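Numbers given in my numbering equal positions in the sequence shown, counted from 1, plus 2.
Built from N, CA and C at the ideal position, the CB exists for glycine as well.
Remember, predicted model here, so these are calculated numbers, not experimental data.
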Amino acid sequence: MEFKEGLTFDDVLLVPKYSDITSRSQTSLTTQLSRNISLNIPFVSANMDTVTESSMAVAIARAGGIGIIHRFLTIQEQANEVLKVKRSGSVMIENPYSITADKTIETALDYAENKNISGLLVVDATSKLIGIITKRDLLFANSKNLIQDVMTKDVVTAKYGISIDEAKDLLHKHRIEKLPLVDESGFVKGLITSKDITNNAAYPNASKDGKGRPLVGAAVGVKGDFLERSESLLEAGADTLVVDIAHGHSENAISTVKHIKKAFPNCELIAGNIATAQGAEDLMKAGVDAVKVGVGSGSICITRVITGSGVPQLTAVMDCAKIGRDYGI
């Protein structure tokens, strides 16, 4: 039996060397998460039910990292968490929530509370904009009254494609907080809010997708509904999926990776957990864009402690990194 030396992070120190950096502002913490996604800080919040849902994912994306929404939810619940993240920081909201004028105020309040939003666009049966309601309109109103009785009808709008500076001018000029975007026929195409513009300026290092929305990932399992779940999460806007299994170097994990990549070839896919170079290579051959390295001990996972199975973390990362370079990961 061969015994190999293994090191964990507590076993080593970094040797200080000469630096020509004169200010911390000159440093960059930009980190490659996967083959096609980079982060502004090297932080990913775990896909655990006690760690990451939309609130954590929003917070860490604003700081420059990414959160992975855990999978211990129904498919729709998990997809909704992804949607909440995507809508939290987009300067221009695509497909804004709307309601028709014949609904009651009670219905509007329930809908707004469920979506965690402060206002709704009011549209007719053909989805043309006819008004807007905010919490101010609904305050002290009889819940049985209709939306058409309290909505603001003379809505200030802008054409889809307006610049942020132009939108800011309109918001200020008319002292409004929400600016619906419409096409030439009056159909709703988007929404810009003062809150989102403010947040965009307040978090300059936020990690964003190509549309300016916060980055977010979501976890899937290896059995049952993983393909259906993957489809819903990607439709909701998830930037990456994480195949989540305690022992990622397994037939179940590899098979799941292949199925997901076949169904969604453009999906940025991460899988794990693994602890060896061979595990990394087998997953990379299956099509992943990144691997999760490390077999517990952790705050919950105690696999290494209980079973005696695992690799010291620094050694595991080094071994897997060597393979990753060969695969461009």
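Am I right that residue i and residue j are in contact with their C-beta atoms under 8 angstroms? What's the rounded C-beta distance?
i      : j      : result
ALA47  : ALA59  : The question names Ala, yet the displayed sequence has Ser at residue 47. Yes, SER47 and ALA59 are in contact; Cβ-Cβ is about 7 angstroms, under 8 angstroms.
ILE338 : ILE135 : The chain is shown only over 3 to 331; residue 338 falls outside these bounds and no answer can be derived.
ASP1   : VAL93  : Examination of residue 1 is not possible in this model, given that the chain is present from 3 through 331 alone.
GLN91  : ALA208 : Per the sequence shown, the amino acid found at residue 91 is Gly instead of Gln. Between ALA208 and GLY91 the Cβ distance is about 6 angstroms, and since that is below 8 angstroms, they are a contact.
Measuring straight from C-alpha to C-alpha, what distance separates residue i and residue j?
i      : j      : result
GLU96  : ILE256 : 35 angstroms
GLY188 : VAL158 : 12 angstroms
ASN38  : CYS269 : 10 angstroms
LYS225 : SER36  : 24 angstroms
GLN34  : SER311 : 29 angstroms
VAL290 : ASP126 : 45 angstroms
ILE331 : ALA292 : 6 angstroms
LYS213 : PRO314 : 40 angstroms
PHE142 : THR200 : 29 angstroms
HIS249 : TYR329 : 21 angstroms
PRO18  : THR24  : 16 angstroms
VAL254 : THR52  : Note on identity: in this sequence residue 254 is Asn, with Val being the wrong assignment. About 25 angstroms.
LEU16  : SER120 : 50 angstroms
LEU85  : LYS264 : 24 angstroms
Leaving aside the five residues before and after residue i along the sequence, list all residues of the same chain whose C-beta is less than 8 angstroms from its C-beta, in chain order.
i      : result
GLU83  : GLU55, SER56, ALA59, ILE71, LEU75 and ALA220
VAL222 : ARG73, PHE228, ARG231, SER232, LEU235, LEU243, VAL244, VAL245, ASP246, THR258 and ILE262
ASP284 : HIS251 and ILE256
ASP241 : ILE39, ILE68, ASP211, LEU217, VAL218, GLY219 and GLU270
ASP185 : LYS161, TYR162 and LYS191
LYS117 : TYR99
ALA279 : ASP321, CYS322, LYS324 and ILE325
Helix, strand or coil, according to DSSP, for residue i in the structure here?
i      : result
VAL46  : strand
LEU75  : coil
LEU15  : coil
VAL224 : coil
MET153 : coil
VAL319 : helix
ALA273 : strand
MET58  : helix
THR278 : coil
ALA114 : helix
VAL53  : coil
GLY2   : As displayed, the chain neither begins before 3 nor continues past 331, which places residue 2 out of reach and without an answer.
THR309 : helix
VAL93  : coil
Skipping 5 residues on each side, what residues in its chain have a beta carbon closer than 6 angstroms to that of residue i?
i      : result
ASP139 : VAL152
MET50  : HIS72
LEU193 : ILE95, PRO98 and PRO182
THR317 : GLY8 and LEU9
LYS88  : ARG215 and GLY239
ASN202 : VAL93
ASN144 : none
VAL319 : VAL295
Among residues of its own chain, excluding the 5 on either side of residue i, which ones have a beta-carbon nearer than 7 angstroms to its beta-carbon?
i      : result
LYS146 : THR106 and GLU108
ALA110 : ILE101, LEU122, ILE135, LEU140 and ILE149
LEU172 : VAL158, ALA160 and LEU181
SER129 : PHE189 and VAL190
THR29  : ILE23
So is residue i in contact with chain C if we call contact Cβ pairs under 8 angstroms?
i     : result
SER92 : Among the chains in the structure shown there is no chain C, since it carries only a single protein chain.
Please confirm if the segment 73-83 is in contact with the segment 100-114, defined as three or more CB-CB distances below 8 angstroms between the two stretches.
A contact is defined here as three or more CB-CB pairs under 8 angstroms, and the segment 73-83 fails this definition with respect to the segment 100-114.
Does the count of Cβ pairs from the segment 291-306 and the segment 257-277 closer than 8 angstroms reach three?
The segment 291-306, when compared against the segment 257-277, does touch it at the 8 angstroms Cβ threshold.
Assess contact between the segment 314-329 and the segment 284-293, defined as three or more Cβ pairs (one per stretch) separated by less than 8 angstroms. Is contact present?
With a cut-off of 8 angstroms, the segment 284-293 and the segment 314-329 count as touching, because enough Cβ pairs lie within range.
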